[in-house]
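Participant: Protein chains in written order, with the numbering used here: chain A, 255 to 571; chain B, 38 to 205.
Glycine residues also receive a C-beta, built at the ideal position from the N, C-alpha and C atoms.
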Amino acid sequence: MRNPQLDDKGGLQHLLTIEGLPREIITQILDTATSFVGVTDREVKKVPLLRGKSVFNLFFENSTRTRTTFEIAAKRLSADVINLNISTSSTAKGETLLDTVDNLTAMHADMFVVRHAQSGAAHMIARHVKSHVHVINAGDGRHAHPTQGLLDAYTIRHYKKDFTHLSVAIVGDVLHSRVARSLIHALTTLGTPDVRVIGPQTLLPMGVEALGVKVFHDMATGLRDVDAVVMLRLQHERMRGPLLPSAQEFYKIYGLTPEKLALAKPDAIVMHPGPMNRGVEIESSVADGAHAVILPQVTFGIAVRMAVMSILGGGGA
Amino acid sequence: MQLPDAEQLLARLVTRIKPDVTPETAMVGIYTGGAWLAERLHQALGLQVPLGTLDISFYRDDYSKTGLHPQVKPSKIPFEVENRHILLVDDVLYTGRTIRGAMNELFDYGRPAKIHLVVAVDRGERQLPICPQYVGADLAVPHGHMLRLAREDGGRLVFRLTAASSNA
């Protein structure tokens with residue numbers, strides 16, 4: 255079956271999910287991002303690649319941080335950016351998703367950045383638009399959040415250089431996390447030999463081993479000698495459900511404290527996709543500590559999004 | 038066709054540039070051939086300002102036709118561009134479009150006092166009003182061919198002629 259993200263020549267046409275993305279394309283995105291990191295240190299923090307293009311941020315689900323980083327990325331590529339907060343606009347008046355997209359395309363949109371609570375929303379838009387329009391999935395339901403997975407992979411590569419000898423642990427609510435899923439696909443595609451997920455049975459997806467990860471239910475064994483720890487956000491709405499006894503109990507077992515972090519390698523890095531719940535999944539002293547690379551993740555995220563947009567926005571080679 | 042001896046052109050350029058160099062003169066090479074040439078010139082001229090390199094992929098005027106180059110290298114300008122005399126170095130000057138991109142990029146770092154262009158070979162056929170100040174040799178290259186610098190394992194620079202892609 256043809257990969258809906260790729261054009262006839264195997265180039266990137268849309269970025270919808272990391273699953274099934276060839277290793278060469280992931281590597282190209284990370285390499286290109288390296289060049290964009292330097293652009294931000296200059297007098298003029300812009301390059302002219304997307305001059306005259308219009309990028310529409312279609313956010314059907316709230317997210318200040320992701321929307322802002324996409325907006326900054328597009329602006330640093332000289333694009334015009336239009337932010338649409340759809341929850342407060344036409345769909346509330348009954349317009350369908352594809353009608354909204356058609357209307358915006360008639361306004362000469364070149365790129366859509368889509369976040370939606372429904373898994374597959376970005377795929378549906380990508381199938382619908384004409385070939386000169388590109389779609390980036392900025393998070394769809396529990397399914398995927400590819401630019402977050404890519405920026406996590408970029409961060410790990412930045413500090414650890416090479417994936418082929420690394421152990422990476424992803425901790426917490428993997429079941430509801432599109433971030434975890436995207437990162438697992440990125441890490442395994444890039445050749446990481448030891449990817450672990452750590453969490454209670456109720457917060458790990460059934461058959462998660464099939465993704466090529468090792469499953470642990472306790473931190474003591476799961477964190478042993480890892481090079482990177484990725485903490486996931488425990489979403490408040492899940493805490494009230496039957497999956498978890500209480501936030502306090504979760505913190506006691508899975509919260510990242512200096513004592514638990516000591517099990518990892520001495521130079522291990524600690525990551526978090528944000529927003530963080532201090533005292534729920536991570537102790538403040540760890541979040542602000544020497545191992546944390548949580549703020550560099552945000553900075554790298556802009557370069558990674560610039561890389562994705564600039565690879566998509568150019569003419570087909 | 039007979040290709041020029043790159044090492045000989047390099048020596049010629051050093052002789053020509055030397056009288057104009059000051060302790061404040063900076064040099065920037067354009068990836069890839071221009072960066073190799075600049076590395077050698079920088080050393081031979083004993084320039085004191087650290088060498089800069091540019092990958093102009095983010096400034097190419099054919100981006101909307103051909104897309105982003107698959108291997109972009111980070112540009113590095115390790116000096117203050119503002120009010121600087123900069124020697125911009127490329128291996129082969131042809132249409133002038135690469136030089137335009139390089140100048141646009143340099144200006145995003147600051148406003149240089151002056152930019153002089155150094156090329157090993159000028160193959161003519163400019164499409165933009167760009168003129169080099171230091172030229173190793175003029176050479177007509179047949180259409181559909183690409184002339185560029187290569188670096189051998191020992192570090193020796195040589196010219197290679199290949200059937201061209203659309204890269205100008």
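1. How would you write the range of the beta strand (DSSP E) that I167(B) sits in, first residue to last?
2. What ranges does the beta strand (DSSP E) occupy inside the stretch 449-500 of chain A, keeping only unbroken runs of at least 3 residues that lie completely in it?
3. DSSP state of I67(B), grouped into three classes?
4. Reducing DSSP to helix, strand and coil, say where Y131(B) ends up.
5. Taking C-alpha atoms, which residue in E119(B), Y131(B), R134(B), Q164(B) lies nearest to D145(B)?
6. Using C-beta distances below 8 Å, list every residue in its chain close to V65(B), excluding the 5 sequence neighbours before and after it, in chain order.
7. Go ahead and pull the three-state DSSP assignment for R369(A).
8. Alpha carbon to alpha carbon, how far is H397(A) from L429(A)?
9. Below 8 Å on the Cβ atoms is my guess for L40(B) versus L198(B); work out the distance and round it to an integer in Å.
10. Mapping DSSP to helix, strand and coil, what is M38(B)?
11. Relative to the C-alpha of T294(A), which candidate in S373(A), R330(A), A423(A) has its C-alpha closest?
12. Please classify M530(A): does DSSP put it in a helix, a strand, or coil?
13. Taking beta-carbon pairs under 9 Å, can you tell me which members of the stretch 279-300 of chain A lie near chain B?
14. Using the three-state DSSP reduction, which class does I438(A) fall into: helix, strand or coil?
15. Closer than 8 Å, CB to CB, is P302(A) near chain B or not?
16. Assign Y68(B) to buried or exposed, taking buried as 16 or more other Cβ atoms, counted over all protein chains shown, within 10 Å of its Cβ.
17. With 8 Å as the threshold, decide whether the Cβ of I565(A) is near any Cβ in chain B.
18. Do L270(A) and N391(A) have their C-beta atoms within less than 8 Å of each other?
19. So what's M183(B) in DSSP terms, helix, strand or just coil?
20. For a test of the three-state rule: what should DSSP assign to H419(A), helix, strand or coil?
21. Just mark N250(A) as buried or exposed, buried being the case when its beta carbon has 16 or more other beta carbons within 10 Å.
22. Please report whether the beta-carbon of T69(B) lies at a distance below 8 Å from any beta-carbon of chain A.
23. Rounded to whole angstroms, what is the Cα-Cα separation between V216(B) and G83(B)?
24. Within 10 Å of its beta-carbon, does A474(A) have 16 or more other beta-carbons around it, so buried, or fewer, so exposed?
25. Quick one, are the C-beta atoms of P512(A) and V540(A) less than 8 Å apart?
26. Look up A328(A) in the DSSP assignment and say whether it is helix, strand or coil.
27. Below 8 Å on the Cβ atoms is my contact criterion, and I expect P111(B) with S289(A) to pass it. Report the Cβ-Cβ distance as a whole number of Å.
28. Determine the direct distance from the alpha carbon of A81(B) to that of G265(A), and round the result to whole angstroms.
29. Going by beta carbon distance, what residues of the same chain come within less than 7 Å of S431(A), once the five residues before and after it are set aside?
30. G568(A) CB to nearest chain B CB: under 8 Å?
31. Can you tell me the Cα-Cα spacing of I136(B) and G71(B), whole angstroms?
32. Mapping the DSSP letters down to three states, classify K110(B) as helix, strand or coil.
33. Give me whichever residues DSSP pairs with L91(B) in a beta bridge.
34. Pull up the distance between the alpha-carbon of D159(B) and that of V172(B), whole angstroms please.
35. Have a look at the DSSP bridge pairing and note the partners of P353(A).
36. Would L105(B) pass as an interface residue toward chain A - the criterion being a Cβ-Cβ separation below 8 Å?
Facilitator: Result, derived from the coordinates:
1. Segment: none, I167(B) is in no beta strand (DSSP E) and carries neither H nor E.
2. 468-470, 482-485
3. strand
4. coil
5. E119(B)
6. A75, L88, G89, T90, L91, I114, I123, L124, L125, V126, A139, L143
7. strand
8. 10 Å
9. 6 Å
10. coil
11. R330(A)
12. coil
13. Q282, D285, T286, T288, S289, F290, V291, G292, V293, R296, E297, V298, K299, K300
14. helix
15. yes
16. buried
17. yes
18. yes
19. strand
20. helix
21. Beyond the ends of chain A as shown, which are 255 and 571, falls residue 250(A); an answer cannot be given.
22. no
23. This structure cannot speak to residue 216(B), because chain B is shown only from 38 to 205.
24. exposed
25. yes
26. helix
27. 4 Å
28. 43 Å
29. L486
30. yes
31. 11 Å
32. coil
33. I67(B)
34. 7 Å
35. First, the residue type needs correcting, since residue 353(A) is Asp and not Pro in the sequence shown. The partner list for D353(A) (beta bridge, DSSP) is empty, contrary to what the question assumes.
36. yes
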